[in-house]
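Colleague:
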Amino acid sequence: MTQQLKEILEKLDDLKKKFLKDISEAKNDTDLENIRIQYLGRKSEIAAFFNLMGKIHSDERPEMGKHLNILKKYVQETFDNAAEQLKPKATSHEFFDISLPGIPASVGTKHPLNQVLDEIKEIFASLGFTIEDGPELETDYYNFEALNIPENHPSRDLQDTFYINEKLLLRTHTSPVQIRTMERMSPPVRMIAPGKCYRKDAPDATHSPVFHQVEGLCVDEGITFADLKGVITAFARKLFGANVKIRFRPSFFPFTEPSAEYDFSCVMCNGKGCSVCKGSGWLEISGAGMVDPAVFNFVGYDSEKYTGYAFGMGVERIAMLKYQIDDIRIFYENDLRFLNQF
Ligand code: PHE
Numbered sequence: 001m002t003q004q005l006k007e008i009l010e011k012l013d014d015l016k017k018k019f020l021k022d023i024s025e026a027k028n029d030t031d032l033e034n035i036r037i038q039y040l041g042r043k044s045e046i047a048a049f050f051n052l053m054g055k056i057h058s059d060e061r062p063e064m065g066k067h068l069n070i071l072k073k074y075v076q077e078t079f080d081n082a083a084e085q086l087k088p089k090a091t092s093h094e095f096f097d098i099s100l101p102g103i104p105a106s107v108g109t110k111h112p113l114n115q116v117l118d119e120i121k122e123i124f125a126s127l128g129f130t131i132e133d134g135p136e137l138e139t140d141y142y143n144f145e146a147l148n149i150p151e152n153h154p155s156r157d158l159q160d161t162f163y164i165n166e167k168l169l170l171r172t173h174t175s176p177v178q179i180r181t182m183e184r185m186s187p188p189v190r191m192i193a194p195g196k197c198y199r200k201d202a203p204d205a206t207h208s209p210v211f212h213q214v215e216g217l218c219v220d221e222g223i224t225f226a227d228l229k230g231v232i233t234a235f236a237r238k239l240f241g242a243n244v245k246i247r248f249r250p251s252f253f254p255f256t257e258p259s260a261e262y263d264f265s266c267v268m269c270n271g272k273g274c275s276v277c278k279g280s281g282w283l284e285i286s287g288a289g290m291v292d293p294a295v296f297n298f299v300g301y302d303s304e305k306y307t308g309y310a311f312g313m314g315v316e317r318i319a320m321l322k323y324q325i326d327d328i329r330i331f332y333e334n335d336l337r338f339l340n341q342f
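Shown next, in the form of structure tokens:
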């Protein structure tokens, strides 16, 4: 090793010591930046040594290069470590009260229609009804034909029904689930079927082209209209309280005979008459009746042996009464100012 290289290596050693002293005294970002410029910048002492390489004997260049690279790497790593140490962090002397409540995450609420549906399902489940399901895309057979709705019946009109093609449509009521359930099981049947229905109605305060119904069906030996009245009454009392009154009016549906429409006494004014019940004291809920024997024939039930009742129920209707909502459209607008109230 020449004297020249020896001197250079000694200088590198001194440089390393000086760097270690400086970096150990660095207290802040300014100190760090000065050290970076002095030892790692383009005009640093280490850079100057690299420039010196061309001036030493070519035999000794690799040796010098090796030492320089080791030093440069060492300086860079030591510098990075020191910078990391000086970074501001949540240090232990910062006060952190773990007993404080956390920041609450904002969670959504269940849609009011689903809340009412849950309540309806719970009440009927407590009365021994099963919960059945059927498709929203239905065939003409289940939506109309098997329900004894003849070819020329007005509810089959193109104006009322969303037809997909001649045979397929969006169900206009949940009654097709009556048929599907009876096809699947033999009596006794006691079921409800909640779900969406579709009708070509122009939206206004009381109409929506999509809405929800809950269908009810009970078939067994010896079922009478009195059973229907009893179940509807029990349901109404559980939902609206013991004081609610129930009224049945004669009506017509092709799949029930006799048929009725049923009303609850107005829950706003207790039957005295108000703007919600338009002064009548009564609120229409839906239709009901005894299953028409013709329907039993479609599903192969013995209509001499079995009788049954069926009823429908408008879910929006009930939710509007329960929460005193006067416009059905608000259920579908996804306005958080409305939804967050439930
Ligand atoms: N499906 C009828 C409607 O949508 C309601 C109904 C159900 C009537 C069951 C009688 C029996 O209007």
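Oh and the sequence shown: position 189 is 189 in this note's numbering, straight run, nothing missing.
Virtual Cβ for every residue (Gly too), placed ideally from N, Cα, C.
Since the structure is predicted, the reported quantities are computational estimates derived from the model, not experimental observations.
May I have a chain-ordered list of the alpha helix (DSSP H) segments no shorter than 4 residues that lie completely inside the stretch 121-180?
Modeller: Whole alpha helix (DSSP H) segments, 4+ residues: 140-143.
Colleague: Does the distance from the CB of Ile328 to the CB of Ala205 come in under 8 Å?
Modeller: Their beta carbons are under 8 Å apart, which means Ile328 touches Ala205 by this criterion.
Colleague: Following the continuous beta strand (DSSP E) through Phe298, name the residue where it begins and the one where it ends.
Modeller: Premise fails: Phe298 lies in the alpha helix (DSSP H), 293-299, not in any beta strand (DSSP E).
Colleague: If you scan the stretch 65-114 from start to end, which runs of the alpha helix (DSSP H) of 4 or more residues do you find wholly inside it?
Modeller: Entirely contained in the stretch 65-114, not one alpha helix (DSSP H) run reaches 4 residues.
Colleague: Relative to the ligand PHE, is the shortest distance from any of its heavy atoms to the C-beta of Ala288 smaller than 7 Å?
Modeller: Within the cutoff, so yes.
Colleague: Let me make sure I understand the geometry here. Which of Gly271, Glu284, Phe144, Val219 has the alpha-carbon closest to that of Tyr301?
Modeller: Among Gly271, Glu284, Phe144, Val219, the Cα nearest to that of Tyr301 belongs to Val219.
Colleague: Leaving out five residues before and five after Pro194 in sequence, what residues of the same chain have Cβ atoms less than 6 Å from its Cβ?
Modeller: Only Leu117, Val214 meet the Cβ criterion.
Colleague: Can you give me the Cβ contacts of Ala47 inside the same chain, cut-off strictly under 8 Å, excluding the 5 residues immediately before and after it?
Modeller: Answer for Ala47: Gly41, listed in chain order.
Colleague: DSSP beta-bridge partners for Cys197?
Modeller: DSSP output for Cys197 lists Phe211 as bridge partner(s).
Colleague: Taking the runs of the alpha helix (DSSP H) that are 4 residues or longer, which of them lie wholly in the stretch 216-273?
Modeller: With a minimum length of 4 residues, the continuous alpha helix (DSSP H) runs that stay inside the stretch 216-273 are 225-240.
Colleague: In whole angstroms, give me the CA-to-CA distance for Lys238 and Ile120.
Modeller: When rounded, the distance between both Cα atoms is 9 Å.
Colleague: Buried or exposed: which applies to Glu316, given that a residue is buried once 16 or more other Cβ atoms fall within 10 Å of its Cβ?
Modeller: The residue in question, Glu316, is buried, as its Cβ has 16 or more Cβ neighbours within 10 Å.
Colleague: What are the residues that DSSP puts in a beta bridge with Asp204?
Modeller: Asp204 is bridged to His207.
Colleague: Should the stretch 164-184 be called in touch with the stretch 292-312, which here means at least 3 C-beta pairs below 8 Å?
Modeller: Touching, yes, given that three or more Cβ pairs across the two stretches are closer than 8 Å.
Colleague: Within 7 Å: the Cβ of Leu158 and any heavy atom of the ligand NAP?
Modeller: With respect to the ligand NAP, the structure shown offers nothing to examine, as its ligands consist of the ligand PHE.
Colleague: Could you check whether Ala288 and Gly312 sit closer than 8 Å to each other, using their CB atoms as the reference points?
Modeller: Taking 8 Å as the Cβ cut-off, Gly312 and Ala288 qualify as a contacting pair.
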